[in-house]
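K.L.:
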Amino acid sequence: MKIKYITLYEFIIYIIMFLNLGFLNLFGSFEYTSMLISTVLAISVFFLYVFQPLKNKIPSSWFQIYIILVIIIFFFHIFRLKKINISSMSLLSVINNYEGIFLLLLTFPIYEVLQSNDTKVFFRNLAILGYLALFIRFIVWGMYNFTGGNPAPYLLHGLDWRRSILGHDFIRIAGTFLDIYTFLYSLKNFFYGVRHHGHKVMPFLGTLFLFLYSIFVSQYRMVSLAFFMVFFLLLFKETYKSNNRVISVLLFVVLVGIGLIITRNLITDFISSFSTTAINGSSTSTRLKGLPFLEAEWKNINIWTGIGFTNDNMEYMNMTYWLSDYGFLANLFQFGIIGMVVYLIPFINGCCQSIFFFFKEKGFYVIGFTIYLLVTSTTFNPMRNQYITILPLYIAFMLNLSESYREKNE
1 MKIKYITLYE FIIYIIMFLN LGFLNLFGSF EYTSMLISTV LAISVFFLYV
51 FQPLKNKIPS SWFQIYIILV IIIFFFHIFR LKKINISSMS LLSVINNYEG
101 IFLLLLTFPI YEVLQSNDTK VFFRNLAILG YLALFIRFIV WGMYNFTGGN
151 PAPYLLHGLD WRRSILGHDF IRIAGTFLDI YTFLYSLKNF FYGVRHHGHK
201 VMPFLGTLFL FLYSIFVSQY RMVSLAFFMV FFLLLFKETY KSNNRVISVL
251 LFVVLVGIGL IITRNLITDF ISSFSTTAIN GSSTSTRLKG LPFLEAEWKN
301 INIWTGIGFT NDNMEYMNMT YWLSDYGFLA NLFQFGIIGM VVYLIPFING
351 CCQSIFFFFK EKGFYVIGFT IYLLVTSTTF NPMRNQYITI LPLYIAFMLN
401 LSESYREKNE
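Set out below in structure tokens:
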């Protein structure tokens, strides 16, 4: 009976991942519809999990507390709309923009899947979905930039959304929330192939594709930096735990040196792009100019509970500022100190686990996720609908790591 539950969980998880990876946007604008269906499925599969007999016990109480507090915050701000609503949002608009918070309930069935005997197929299928989504975006990006064709206008959200790189001006297409998982899956298989003299060419090419995609296609500076940091820190972790540490550490230093030499021009462009006077630094400058406005609104309304639900775009001094541009910091302005502290709970736990397991055998995915999310959260808010689908996977990996460590030490 339990195997049937696992199979059903996997199937529903695949559907939710498929919906939120933007495949349907090839045919139209389906972001809100996909998220609505995903939310309904997540709540449904959670209740299925609740009534499942003989399920695995969640090893840490912090997660249950976190889920309860997040849901309380959501409904608190729903009821608060009558008093504080600076964007004049309707209830329907709030649900459309913030319903993704219920995808955190997917953590329970994902954890159940990770605790099953065979996760190899599940891991592989998630990676296939991630790569397929990126390959489609890459093809659309290539067709538009090199032939002028636009086969998927709903993937190209703005024709003025472009940035110059290596002397060429390209329209950009965003990556997906699953990019970090796909990157870690390929990197782990690459390290395994190196250690055991197995297949390592395809995992290496997959890792390289994701890194180059972040540079040329999505052109997200913080994603490129995050991939770079994840690769070298996990490379150091792998070399440290190998049999001949001296040779491994020397190899690590050599690889870092080679990588810096090869990518020196990209690194120079990357650093200069943060300058507020550079052509590519306009986004940095705009964010800095909007901070005083957001800070003033937050302090005027309530520093503990924040300004509440708002539209992503906000007007100030004839300028439009996008709340999503402020990354995780936006949670402080919207939900106050209380909301910010609650939303930080899984990331604090991830940091603790990453430090504890860094020089141990386990913890590969948790460490990689943590580094990536800490770096990219400066510009991306993982609590927003576009990215939140990755959080249940991240938290489930943390819970699974805690349980495996507990079983090992019993």
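Residue 292 in UniProt numbering sits at position 292 of the sequence shown; the count goes up by one each step and never skips.
We put the CB at the ideal spot given by N, CA and C, even for glycine.
This structure is a prediction, so every number in the text was calculated from the model and none was measured.
Starting from the Cα of K360, find the closest Cα among L114, N150, F236 and give me that residue.
P.N.:
As a working mapping, residue 360 is identified with position 360 in the sequence shown. It is F236.
K.L.:
Closest by CA to T39, which one among G28, N96, F190, L91?
P.N.:
In the sequence shown, the residue the question calls residue 39 occupies position 39. Considering only alpha carbons, the answer is N96.
K.L.:
Confirm, please, whether the CB-CB distance from A133 to F23 is below 8 Å.
P.N.:
Along the sequence shown, read from residue 1 onward, the residue named residue 23 stands at position 23. Along the sequence shown, read from residue 1 onward, the residue named residue 133 stands at position 133. Yes, Cβ-Cβ distance for F23 and A133 is below 8 Å.
K.L.:
Below 8 Å on the Cβ atoms is my guess for F102 versus A42; work out the distance and round it to an integer in Å.
P.N.:
Residue mapping note: residue 102 aligns to position 102 of the sequence shown, counting from 1. Residue mapping note: residue 42 aligns to position 42 of the sequence shown, counting from 1. Sure, about 6 Å apart at Cβ, within 8 Å.
K.L.:
Using only alpha-carbon positions, find the residue among F333, P109, M143, T176 that is nearest to I58.
P.N.:
Taking the sequence shown and counting its residues from 1, the one referred to as residue 58 is at position 58. When each option's Cα is compared against that of I58, the closest is P109.
K.L.:
Where does R406 land, buried or exposed, given buried means 16+ other C-beta within 10 angstroms?
P.N.:
Counted from its first residue, the sequence shown places residue 406 at position 406. Its Cβ having fewer than 16 others within 10 Å, R406 is exposed.
K.L.:
Can you give the Cα-Cα distance for L365 and F397, rounded to whole angstroms?
P.N.:
Position 365 of the sequence shown, counted from the first residue, corresponds to residue 365. Position 397 of the sequence shown, counted from the first residue, corresponds to residue 397. The identity of residue 365 in the sequence shown is Tyr, whereas the question assumes Leu. Between Y365 and F397, the C-alpha separation is close to 7 Å.
K.L.:
Counting C-beta neighbours from all protein chains within 10 Å, is the total for G304 16 or more, i.e. buried, or is it exposed?
P.N.:
Looking up residue 304 in the sequence shown gives position 304. In the sequence as presented, Gly is not what sits at residue 304; that position holds Trp. With fewer than 16 other Cβ atoms within 10 Å, it is exposed.
K.L.:
Measuring alpha carbon to alpha carbon, tell me which residue in M143, K200, G290 is nearest T320.
P.N.:
As a working mapping, residue 320 is identified with position 320 in the sequence shown. For T320, the nearest C-alpha among the options comes from G290.
K.L.:
Is the separation between the beta-carbon of S402 and that of K362 shorter than 8 Å?
P.N.:
On the sequence shown, position 402 is the one that residue 402 refers to. On the sequence shown, position 362 is the one that residue 362 refers to. No; because the gap between Cβ atoms is not below 8 Å, this pair is not in contact.
K.L.:
Return yes when the Cβ of G339 is within less than 8 Å of the Cβ of G306, no when it is not.
P.N.:
Counting from 1 along the sequence shown, the entry for residue 306 is found at position 306. Counting from 1 along the sequence shown, the entry for residue 339 is found at position 339. Closer than 8 Å, so yes.
K.L.:
My output table needs one value for T320: the three-state DSSP class, helix, strand or coil.
P.N.:
One-based indexing of the sequence shown puts residue 320 at position 320. Residue state, collapsed to three classes: strand.
K.L.:
Quick check: N25 and L155, are their CB atoms within less than 8 Å of each other?
P.N.:
Working through the sequence shown from its first residue, we reach residue 25 at position 25. Working through the sequence shown from its first residue, we reach residue 155 at position 155. Cβ atoms of N25 and L155: closer than 8 Å.
K.L.:
Alpha carbon to alpha carbon, how far is I139 from F27?
P.N.:
Within the sequence shown, the letter at position 139 stands for residue 139. Within the sequence shown, the letter at position 27 stands for residue 27. Answer to the nearest angstrom: the Cα atoms are 15 Å apart.
K.L.:
Beta-carbon within less than 6 Å of I12's beta-carbon, same chain only, minus the 5 sequence neighbours each way: which residues are those?
P.N.:
Within the sequence shown, numbered from 1, the residue matching residue 12 stands at position 12. So the qualifying residues of the chain are L41, V45.
K.L.:
Which of the three DSSP states is assigned to D118 in this structure?
P.N.:
On the sequence shown, residue 118 is found 118 positions in, with the first residue counted as 1. Looking at D118 - three-state DSSP - the assignment turns out to be coil, as it is neither helix nor strand.
K.L.:
So residue 424 is in the alpha helix (DSSP H); what residue range does that whole segment cover?
P.N.:
Residue numbering for the chain in the displayed model covers 1 to 410; residue 424 lies beyond these limits and cannot be assessed.
K.L.:
DSSP three-state label for M89, please.
P.N.:
Here residue 89 is taken as the residue at index 89 of the sequence shown, counted from 1. In the structure shown, M89 sits in coil (DSSP, three-state: anything other than H, G, I, E or B).
K.L.:
I need the boundaries of the alpha helix (DSSP H) containing W62, first residue and last residue.
P.N.:
Your numbering for residue 62 matches position 62 in the sequence shown. Start and end: 61-80.
K.L.:
With distances taken between CB atoms, is the gap from T176 to P392 smaller than 8 Å?
P.N.:
The sequence position of residue 176 within the sequence shown is 176, counting from 1. The sequence position of residue 392 within the sequence shown is 392, counting from 1. No, the pair does not count as a contact, with Cβ atoms beyond the cut-off.
K.L.:
Does the structure place the segment 121-128 close enough to the segment 181-188 that three or more beta carbon pairs sit under 8 Å?
P.N.:
They touch, by the three-pair rule.
K.L.:
Between which two residues does the alpha helix (DSSP H) holding A42 run?
P.N.:
On the sequence shown, position 42 is the one that residue 42 refers to. Counting along the chain, the alpha helix (DSSP H) containing A42 begins and ends at 31-50.
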